[in-house]
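**Student:** The sequence shown begins at 1 in full-length UniProt numbering and counts up one residue at a time.
Note that the Cβ used here is the ideal one computed from N, Cα and C, for glycine as well.
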Amino acid sequence: MPTTTGWLFLAAGTFLFFFWAYGFVRFLMDVKRIYIPKGRQFLRGRRRLKEEKRREEEREERERQLY
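Structure representation (structure tokens):
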């Protein structure tokens, strides 16, 4: 039979484990809801800028060929 100190130790460990697990789950949910969409948005913006730059260079090349 555990002593009072043993019961307190088990209770404290269980208590802290639940807060640790809650923090871990919240972190994963934040990553899913905030950071992944922001990363996708960043990559979409970079692709869009590269595409615009490529189109502009093609347009300038066509203009140079006309003159």
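Short of 6 Å in beta carbon distance, which residues of its chain neighbour E56, apart from the five on each side in sequence? Order them along the chain.
**Tutor:** Here residue 56 corresponds to residue number 56 of the sequence shown, with the count starting at 1. Correct list: empty, nothing qualifies.
**Student:** Alpha carbon to alpha carbon, what distance is there between P37 and A21?
**Tutor:** Indexing the sequence shown from 1 puts residue 21 at position 21. Indexing the sequence shown from 1 puts residue 37 at position 37. The alpha-carbon atoms of A21 and P37 are separated by roughly 24 Å.
**Student:** Would you identify the three-state DSSP class for P2, choosing helix, strand or coil?
**Tutor:** Mapped onto the sequence shown, residue 2 falls at position 2. Three-state result, P2: coil.
**Student:** Rounded to a whole number of angstroms, what is the C-alpha to C-alpha distance between E63 and K53?
**Tutor:** Position 63 of the sequence shown, counted from the start, is the residue given in the question as residue 63. Position 53 of the sequence shown, counted from the start, is the residue given in the question as residue 53. Cα to Cα, E63 sits roughly 15 Å from K53.
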